[in-house]
C-alpha cells in the first residue's frame with residue numbers, strides 16, 4: 001500500500017518513510033506542485049492510495065469531504081504540535097501495520113476518529 005505525503009509536509013517525510021521500508025511518494029512528485037485538493041484526493045482514492053497529512057481540516061470542507069466519500073480516500077493524520085521531523089516519520093512507521101489492516105474496513109468513513117482508525121503512540 002502506497003502513501004501520498006501531503007504537499008505541505010515536504011519531500012523529506014516521504015524519503016524518511018521510504019527509507020523505513022514503506023512505499024511513500026510526495027504529492028508534488030506524483031501530482032505536480034499546487035494540485036487542487038479535490039483533484040488530488042480523487043486520484044488518490046481511485047488508485048487505492050492513502051494520504052498522510054497534518055491538515056486537521058482537510059475533511060471539514062464540503063467539497064473535499066464529498067471527494068473523500070465518493071472515492072473512498074484513506075487518510076493518516078499526523079499529530080501537529082511538538083514533533084521533530086524524526087517523530088513525524090516515526091508516527092506512520094509505527095502505526096503502518098495497523099493502518100494497513102484498517103484501510104479496507106474504514107476507507108471512506110470520515111469522522112471515525114478514535115474508532116477504527118490507527119493512532120500513533
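Residue numbers (this note's numbering): 1 to 121.
Where is the CB? At the ideal position from N, CA and C, for every residue including glycine.
| request: Please confirm if residue 24 has its CB atom under 7 Å from at least one CB of chain D. | output: In the displayed structure, chain D is absent; only one protein chain is listed.
| Status (buried if at least 16 other CB within 10 Å, exposed otherwise) for residue 53 | buried
| task | Given a cut-off of 7 Å, decide if residue 71 and residue 24 are closer than it, judged by their beta-carbon atoms. | result | no
| What do you get for residue 101, buried or exposed, if any count of 16 or more other CB atoms within 10 angstroms of its CB means buried? | exposed
| request: Specify whether the segment 60-70 and the segment 86-98 touch according to this definition: at least 3 beta carbon pairs, one from each stretch, less than 8 Å apart. | output: no
| query | If you draw a straight line from the alpha carbon of residue 92 to that of residue 8, how long is it in whole angstroms? | reply | 16 Å
| said: Can you give me the C-alpha to C-alpha distance between residue 76 and residue 32, rounded to a whole angstrom? | reply: 21 Å
| CB of residue 38 within 7 Å of CB of residue 67, strictly | yes
| said: Short of 6 Å in beta carbon distance, which residues of its chain neighbour residue 48, apart from the five on each side in sequence? Order them along the chain. | reply: none
| task | With DSSP as the reference, label residue 111 as helix, strand or coil. | result | In this prediction, residue 111 scores a pLDDT of 44, lower than 50, which makes its location untrustworthy; the coordinate-derived value is nonetheless stated afterwards. It is coil, neither helix nor strand.
| said: According to DSSP, simplified to helix, strand and coil, what is residue 15? | reply: helix
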